[in-house]
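Enquirer: With my numbering as the guide, the letters of the sequence shown map in order to residues 154 to 639. We put the CB at the ideal spot given by N, CA and C, even for glycine. Being a predicted model, the structure only gives us computed values, none of them experimental. Got a structure for you, written out below as structure tokens; questions coming shortly.
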Amino acid sequence: MDFHRIADSAIANGPYTDDWESLSAYTPPAWLRGAKLGIFIHWGVYSVPAYAHEWYPRNMYIQGGHEFEHHVKTYGPHKDFGYKDFIPLFKAEKFDPDAWAEAFWDAGARYAVPVAEHHDGFQMYPSALSRWNAAEMGPKRDVLGELLAACDRRGLTRCASSHRAEHWWFLGNGRQFDSDVKEPARDDIYWPSMPEGPHHDIYSKPVPTEEYIQDWFARCVELVETARPRMVYFDWWVKHFSFKPMLRRFAAYYYNRAAEWGFEPAIAFKDDGMPFTCGVPEMERGGFTEAKPFLWQSCTSTARNSWCYTEQNDYKPPVEIIQNLIDVVSKNGVLLLNVGPKADGTLPDQDIKILREVGKWLKANGDAVYGSVPWKTAMEGPTNVKGGGFSEGELAYTQEDIRFTVNKGKIYATVMRCPEDGKVTVKSLAGVNKDGWHPFGGVIEKVRLLGFEGRPLDWKVDDKGLHASFTGVSSEYPIVLEVTTG
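What follows is the structure, given as structure tokens:
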């Protein structure tokens, strides 16, 4: 199949042309704006060693590093057992895509983003471009296709991510000593294994060749033609200047193809990988300090140290993830929460526990999240996240930390930590002052505590704020005040 010709046809016959000015007319999809929570899935050959993190394929070839030493001790010399030798061990014998989709839906997620190809170059779907894929090796199943079909059946919006750009240098350290990487042929999973430059330098060398860029583009088009994802998530290295012409071409092709097929698409990008209005900005393990006028996405993982399953995973408590979701949504963002399945296809117990707790909270408090928009004030209180990518951390939220959203004419004030004394003051909802002015612009008619129907709730408003008091309410998670105004 000639994927370049398919792209040319889509670009010639759709509303978008291959230039940034045309692509800047793009509008983020309503389905993403309303969904608020998605599930990211890092699962692949790197799940077999289950050591350190998903960059094990790269780091196992860095001499002197702890992954290198672990590999030699556990599997032997690299020339005898390299990364490709994990592929037969990636069997996915317990993979049940419908069970996964059910778990994601019960967690309150409304879209799913499986990794279609990570930096290691192993595709999770059948490919005409490479035999190194899950349909021909390892599981010998169309893992991506099966999971997306299960998501369709459960009502989750199907998406996919490509991390192929980084493959240019990801396994290059294996050329520096006697390993199985050596001098990879064009059809080898290790090709091209070039030397690394600074990862975040958009001019790093050696510069990807035209052959590699053309191959990257063809794989991206094949992914869209195969899976028809509603979002294509790109990792950061597409920001390298050498990818820009083909990234622009891909965006025109993909947006036109989506128009032809009748769905609203999204391209998630990091680090100014695209001009700002041409896709959905992505913040990896981070966010913004204030609400933004544009839709954005934050991605994080259930584990602090890894995106894939490892035996060393340091899992976050569910309350931290719920607080993260609330903060992101209040600032006009959506949260993409990653899980890392085991090589056999099962979800780790800790991931399951986290998903269940997030789902229970959303079932009771979803009106403050799904379909909501930011209020004129995103937050109040002493605690705020640091801005930027890789800025997340454990935050000691207090009962004075409150995040706001609006949905269906009601204001939702989410108190980030449930007060032990049963008393909350929402300063941003201060009422009539001595001059008869309503500071927040309306009169409060009703206040309800979501998830605790039937519990006594008293409230009053003065020029200091909305004061709510309740009894018999205890929760390790945030609580939500639903405020109806006249």
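Considering residue 360, what are the terminal residues of the alpha helix (DSSP H) in which it resides?
Expert: No alpha helix (DSSP H) holds residue 360; DSSP gives it neither H nor E.
Enquirer: Here's the rule: buried if 16 or more other CB atoms are within 10 angstroms of the residue's CB, otherwise exposed. What is residue 363?
Expert: Exposed, because fewer than 16 other Cβ atoms sit within 10 Å of the Cβ of residue 363.
Enquirer: Within 10 Å of its beta-carbon, does residue 437 have 16 or more other beta-carbons around it, so buried, or fewer, so exposed?
Expert: With 16 or more Cβ atoms within 10 Å of its Cβ, residue 437 is classed as buried.
Enquirer: Within a Cβ cutoff of 6 Å, which residues of the same chain sit near residue 500, ignoring the five residues on either side of it in sequence?
Expert: Around residue 500: 494.
Enquirer: With residue 253 as the anchor, note down where its alpha helix (DSSP H) starts and where it stops.
Expert: Residue 253 -> alpha helix (DSSP H) spans 250-259.
Enquirer: At 4 residues or longer, what runs of the alpha helix (DSSP H) sit wholly inside the segment 428-485?
Expert: List check, alpha helix (DSSP H) in window: 471-483.
Enquirer: Figure out for me which residue from 224, 424 and 243 has the closest Cα to the Cα of residue 450.
Expert: Closest option to residue 450, Cα to Cα, is 424.
Enquirer: Measure the CB-CB distance between residue 280 and residue 342 and report whether it falls below 9 Å.
Expert: The answer is no: Cβ separation not under 9 Å.
Enquirer: Quick check on the DSSP output: the beta strand (DSSP E) that includes residue 618 runs from which residue to which?
Expert: Looking at the DSSP string, the run of the beta strand (DSSP E) that includes residue 618 is 618-623.
Enquirer: Give me the Cα-Cα distance between residue 575 and residue 622, rounded to the nearest whole angstrom.
Expert: Their Cα atoms are separated by approximately 5 Å.
Enquirer: Do residue 620 and residue 614 have their C-beta atoms closer together than 9 Å?
Expert: Yes, these two residues count as a Cβ contact at 9 Å.
Enquirer: Let me confirm a value: residue 453 is counted as buried when at least 16 other C-beta atoms fall within 10 Å, else exposed. Which label applies?
Expert: So residue 453 counts as buried.
Enquirer: The alpha helix (DSSP H) that contains residue 299, what's its start and end?
Expert: Counting along the chain, the alpha helix (DSSP H) containing residue 299 begins and ends at 296-307.
Enquirer: In or out: residue 552 buried (at least 16 other Cβ within 10 Å) or exposed?
Expert: So residue 552 counts as buried.
Enquirer: By the three-class DSSP mapping on this structure, what secondary structure does residue 246 have?
Expert: The answer is coil: DSSP assigns residue 246 none of H, G, I, E or B.
Enquirer: Spell out the partners DSSP gives residue 190 in its beta bridges.
Expert: Answer by DSSP bridge pairing, in chain order: 488.
Enquirer: State the Cα-Cα distance for the pair residue 496 and residue 462, rounded to the nearest angstrom.
Expert: The straight-line gap from Cα to Cα measures roughly 8 Å.
Enquirer: Would DSSP call residue 239 helix, strand or coil?
Expert: In the structure shown, residue 239 sits in a helix (DSSP, three-state: H, G or I).
Enquirer: On the CB-based measure, 16 or more other CB atoms within 10 Å of its CB, does residue 617 come out buried or exposed?
Expert: Exposed: under 16 other Cβ atoms inside 10 Å.
Enquirer: Check whether the Cβ atoms of residue 612 and residue 207 sit closer than 9 Å, and answer yes or no.
Expert: No. Outside cutoff.
Enquirer: Determine the closest residue to residue 535 out of 330, 545 and 555, with distance taken between C-alpha atoms.
Expert: Minimum Cα distance to residue 535 is reached at 555.
Enquirer: Give the C-beta separation of residue 419 and residue 383 to the nearest angstrom, bearing in mind that I take them to be a contact with Cβ-Cβ under 8 Å.
Expert: Yes, they are in contact, since the Cβ atoms of residue 419 and residue 383 sit about 7 Å apart, within 8 Å.
Enquirer: So, for residue 428: in the same chain, excluding its five sequence neighbours on each side, which residues have a beta-carbon less than 6 Å away from its beta-carbon?
Expert: The residues are 173.
Enquirer: Where does residue 538 sit, in a helix, a strand or coil, going by DSSP?
Expert: Residue 538: coil per DSSP, three-state reduction.
Enquirer: Taking the alpha helix (DSSP H) that residue 334 belongs to, which residues open and close that run?
Expert: Here residue 334 belongs to no alpha helix (DSSP H), and DSSP marks it neither H nor E.
Enquirer: Excluding the 5 residues flanking residue 359 on each side, which residues of the same chain have their C-beta closer than 6 Å to its C-beta?
Expert: Same-chain partners within the cutoff: 347.
Enquirer: Drop a sphere of 10 angstroms on the beta-carbon of residue 325, count the other beta-carbons inside from all chains shown, and report buried for 16 or more, exposed for fewer.
Expert: With 16 or more Cβ atoms within 10 Å of its Cβ, residue 325 is classed as buried.
Enquirer: Could you give the uninterrupted runs of the alpha helix (DSSP H) lying entirely in the segment 156-211, keeping only those of 4 residues or more?
Expert: The qualifying runs are 156-165, 173-176 and 183-188.
Enquirer: How about residue 272 and residue 317: are their beta carbons less than 9 Å apart?
Expert: In contact: residue 272 and residue 317 (Cβ atoms closer than 9 Å).
Enquirer: Going by beta carbon distance, what residues of the same chain come within less than 6 Å of residue 246, once the five residues before and after it are set aside?
Expert: Excluding positions up to five away in sequence, the list reads 497.
Enquirer: Between the segment 185-193 and the segment 157-168, are three or more C-beta pairs nearer than 8 Å?
Expert: Counting Cβ pairs under 8 Å, fewer than three are found: no touch.
Enquirer: Can you check which of these residues, 365, 594, 550 and 274, is closest to residue 475 by C-alpha distance?
Expert: Among 365, 594, 550 and 274, the Cα nearest to that of residue 475 belongs to 550.
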